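Heads up: the sequence shown is residues 4 to 346, going by this note's numbering.
Beta carbons are placed, not taken as given, at the ideal position from N, Cα and C, and that holds for glycine.
Since the model is a prediction, treat every value here as computed from it, not as a measurement.
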Amino acid sequence: MIELDADVVDPDNDSIVYTTLPPKDTHTSTNNSNFWSECLFPNGKQVRDILDAPGFPAPLPQPPLRYHIGPSAHGLGMFATEDIKFNDLILAERPLMVYPVTMPLYYLEPQTAELGPAQERQKVLDAFEMNLSKCVERMTPEAQAAFFALTNSRTKDGSHPITGIAQTNAFMIQTRLPGDEQDCLSGVFATTSRVNHSCTPNVFHRFDALSFSLSVYAIRPIKAGEEMFTSYCNVAVPTSERQEILRKYGFECVCDVCTDPDSDALLARILSSMENDTSSTAEQMLQHSIKWMKIIEDAKWVYLRVYHLHLLRAAELSKWLKRPGDVKKYMALYNAWINPSGR
């Protein structure tokens, strides 16, 4: 293990690296803990890929404050304080902690005796805690307080406190930088980690490597007072599979989709709506996509990839049919998903 300032990280280093991103000397203020993230990387190359990216570190986006954290049926949650439009940027924040989705195992002590599966798992959890503890130790007092205020749903699986909090609250983030082949990371956030789950989410998040921040966008209009929800799992699978995934978070989802006995059949029809089109003309194909987009919107499943494909198809068919106004409308919606808020 190596603990280094980011600007001196060796890209050829194959040991675990602890560092702070962005480097603290890139900001003059030391009072806002959201300036920095304490990071654990599996090697030096991934750090250098981020540091050497043109434009890093970009300024942290600062949208107007339009939410508050308050009591929810799910503990605490995020609520809109005013009406929010589709594709509005709600929040951008840097993670408190970043660590690999799959922790490398070369830091484990050599085995002195053969261990059973339960002992092997506990040994990994012990090492996970040891490594994540170093990230927490490096945090500012304000960041530490924010981290330990988060929920821990892993109190009965052998996880230690820091690991339990991290695994309960982490979002998968991707740097999406050219040449970065190991870009899947986990990030724990002071505010975004408060956003609760629904299988029909009304917000979407995307990580921006240059500002090293997670941005949260509205994926449909949100009314003042309405709670904001993201999805903790792949929503394009049957209810039983979603519930199995969500159990590790310590709850059973009771959203409208999970409590609707007909939702799985509708989901299956939606997911196959592109290939099950028997239309023979461009106009029929366009009307087929328009029909299914309306069904998906009414079901609040605009998060699904098939919805975006119908948007793109509708734009292409409208172009073929010489309807420039419709092309513009459908492409604007499609681009909002590909590049939210124009970023």
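#1: When you compare only the Cα positions, how much space is there between Asp52 and Ile222?
#2: How long is the line joining the alpha carbons of Arg308 and Val206, rounded to whole angstroms?
#3: With burial defined as no fewer than 16 other Cβ atoms inside 10 Å of the residue's Cβ, what is the status of Asp91: buried or exposed?
#4: Taking 7 Å as the cut-off, decide whether the C-beta atoms of Pro224 and Phe89 are in contact.
#5: Can you tell me which of the three DSSP states Ile19 falls into?
#6: Hey, how far is the Cα of His71 from the Cα of Ala152?
#7: Are the beta-carbon atoms of Ser196 and Asn172 separated by less than 7 Å?
#8: Just to confirm before moving on: does the CB-CB distance between Ser276 and Ala95 stay below 7 Å?
#9: Cβ of Leu312 within 7 Å of Cβ of Tyr333?
#10: For Lys303 and Asp86, which I take to be in contact (beta-carbon distance under 8 Å), what is that distance rounded to the nearest angstrom?
#11: Return the CA-CA distance between Phe150 and Ala239, expressed in angstroms with no decimal places.
#12: Pick from Phe174, Val257 and Gln290: whose alpha carbon is nearest that of Val104?
#13: How would you write the range of the alpha helix (DSSP H) that Ala268 sits in, first residue to last?
#14: If you drop the 5 nearest sequence neighbours on each side, which residues of the same chain put their C-beta closer than 7 Å to that of Thr203?
#15: Judging by CA-CA distance, which residue of Ala339, Leu99 and Gly161 is the nearest neighbour of Ala148?
#16: Thinking C-alpha only, which one of Cys236, Ile273, Leu274 and Leu269 is nearest Cys256?
#17: In its own chain, which residues sit with a C-beta less than 6 Å from the C-beta of Pro62, not counting the 5 before and 5 after it?
#18: When you compare the segment 140-147 with the segment 156-173, are there three or more beta-carbon pairs, one atom per stretch, that lie closer than 8 Å?
#19: In whole angstroms, what separates the C-alpha of Glu229 from that of Leu68?
#20: I'd like to know whether the C-beta atoms of Cys42 and Val101 end up nearer to each other than 7 Å.
#21: Could you check what DSSP says for Ile176 in three-state terms: helix, strand or coil?
#22: Please list, in chain order, all residues of the same chain as Ser36 whose beta carbon is under 6 Å from its beta carbon, the five residues on each side excluded.
#23: Please return the same chain residues whose Cβ sits closer than 6 Å to the Cβ of Ser321, not counting the five positions on each side in sequence.
#24: Can you check which of these residues, Tyr252, Leu135 and Tyr306, is closest to Thr154 by C-alpha distance?
#25: May I have the straight-line CA-CA distance separating Asp55 from Asp211, to the nearest angstrom?
#26: I think Ser201 touches His208, with their Cβ atoms under 8 Å apart; what is that distance to the nearest whole Å?
#27: Assuming Pro64 and Ser214 are in contact, meaning their beta carbons sit under 8 Å apart, how far apart are those beta carbons, in whole angstroms?
In terms of the structure at hand:
#1: Taking the sequence shown and counting its residues from 1, one reaches residue 52 at position 49. Taking the sequence shown and counting its residues from 1, one reaches residue 222 at position 219. Straight-line Cα distance between these residues: approximately 31 Å.
#2: Residue mapping note: residue 308 aligns to position 305 of the sequence shown, counting from 1. Residue mapping note: residue 206 aligns to position 203 of the sequence shown, counting from 1. Rounded to the nearest angstrom, the two C-alpha atoms are 15 Å apart.
#3: To locate residue 91, count along the sequence shown from 1; it is residue 88. Under this definition Asp91 is a buried residue.
#4: For the purposes of this step, residue 224 is taken as residue 221 along the sequence shown, with counting starting at 1. For the purposes of this step, residue 89 is taken as residue 86 along the sequence shown, with counting starting at 1. Closer than 7 Å, so yes.
#5: Taking the sequence shown and counting its residues from 1, the one referred to as residue 19 is at position 16. For Ile19, the three-state secondary structure derived from DSSP is coil.
#6: As a position in the sequence shown, residue 71 is number 68, starting the count at 1. As a position in the sequence shown, residue 152 is number 149, starting the count at 1. Taking the straight line from one Cα to the other gives about 16 Å.
#7: The count along the sequence shown starts at 1 and reaches residue 196 at position 193. The count along the sequence shown starts at 1 and reaches residue 172 at position 169. The answer is yes: Cβ separation under 7 Å.
#8: One-based indexing of the sequence shown puts residue 276 at position 273. One-based indexing of the sequence shown puts residue 95 at position 92. No.
#9: Along the sequence shown, one-based indexing puts residue 312 at 309. Along the sequence shown, one-based indexing puts residue 333 at 330. Tyr333 is positioned such that its CB atom lies no closer than 7 Å to that of Leu312.
#10: As a position in the sequence shown, residue 303 is number 300, starting the count at 1. As a position in the sequence shown, residue 86 is number 83, starting the count at 1. In fact, because the Cβ distance is near 17 Å, the residues do not count as touching under 8 Å.
#11: If you number the sequence shown from 1, residue 150 lands on position 147. If you number the sequence shown from 1, residue 239 lands on position 236. Distance between Phe150 and Ala239, taken at the CA atoms: about 31 Å.
#12: As a working mapping, residue 104 is identified with position 101 in the sequence shown. Selected option, being the one with the closest Cα: Phe174.
#13: In the sequence shown, counting from the first residue as 1, residue 268 sits at position 265. That run of the alpha helix (DSSP H) goes Ser266 to Leu274.
#14: On the sequence shown, position 200 is the one that residue 203 refers to. When the five nearest sequence neighbours on each side are left out, the beta carbons in the same chain lying within less than 7 Å of the beta carbon of Thr203 are those of Cys258, Asp259, Val260, Lys303 and Trp304, in order along the chain.
#15: Working through the sequence shown from its first residue, we reach residue 148 at position 145. Residue Leu99 is the option with its Cα nearest to Ala148.
#16: Taking the first residue of the sequence shown as position 1, residue 256 is located at position 253. For the residues Cys236, Ile273, Leu274 and Leu269, the minimum Cα distance to Cys256 belongs to Cys236.
#17: Within the sequence shown, the letter at position 59 stands for residue 62. Excluding positions up to five away in sequence, the list is empty.
#18: They do not touch, by the three-pair rule.
#19: Locating residue 229 in the sequence shown gives position 226, where the first residue counts as 1. Locating residue 68 in the sequence shown gives position 65, where the first residue counts as 1. Each residue's alpha carbon lies about 15 Å from the other.
#20: Position 39 of the sequence shown, counted from the first residue, corresponds to residue 42. Position 98 of the sequence shown, counted from the first residue, corresponds to residue 101. Contact flag set, yes.
#21: Taking the sequence shown and counting its residues from 1, the one referred to as residue 176 is at position 173. In the three-state reduction of the DSSP assignment, Ile176 falls in the strand class, which pools E and B.
#22: The residue you call residue 36 lines up with position 33 of the sequence shown. Only weak support exists for where Ser36 lies, its pLDDT of 49 falling under 50; the value from the coordinates is given anyway. Answer for Ser36: Thr143, Glu145 and Ala146, listed in chain order.
#23: Counted from its first residue, the sequence shown places residue 321 at position 318. Contacts found: Asp329 and Val330.
#24: The sequence position of residue 154 within the sequence shown is 151, counting from 1. Looking at Tyr252, Leu135 and Tyr306, the one whose alpha-carbon comes closest to that of Thr154 is Tyr252.
#25: Here residue 55 corresponds to residue number 52 of the sequence shown, with the count starting at 1. Here residue 211 corresponds to residue number 208 of the sequence shown, with the count starting at 1. Looking at the two C-alpha atoms, the distance is approximately 15 Å.
#26: Locating residue 201 in the sequence shown gives position 198, counting from the first residue. Locating residue 208 in the sequence shown gives position 205, counting from the first residue. Under the criterion of beta carbons closer than 8 Å, Ser201 and His208 do not qualify as touching, at roughly 14 Å.
#27: Along the sequence shown, read from residue 1 onward, the residue named residue 64 stands at position 61. Along the sequence shown, read from residue 1 onward, the residue named residue 214 stands at position 211. About 7 Å; that satisfies the 8 Å criterion.
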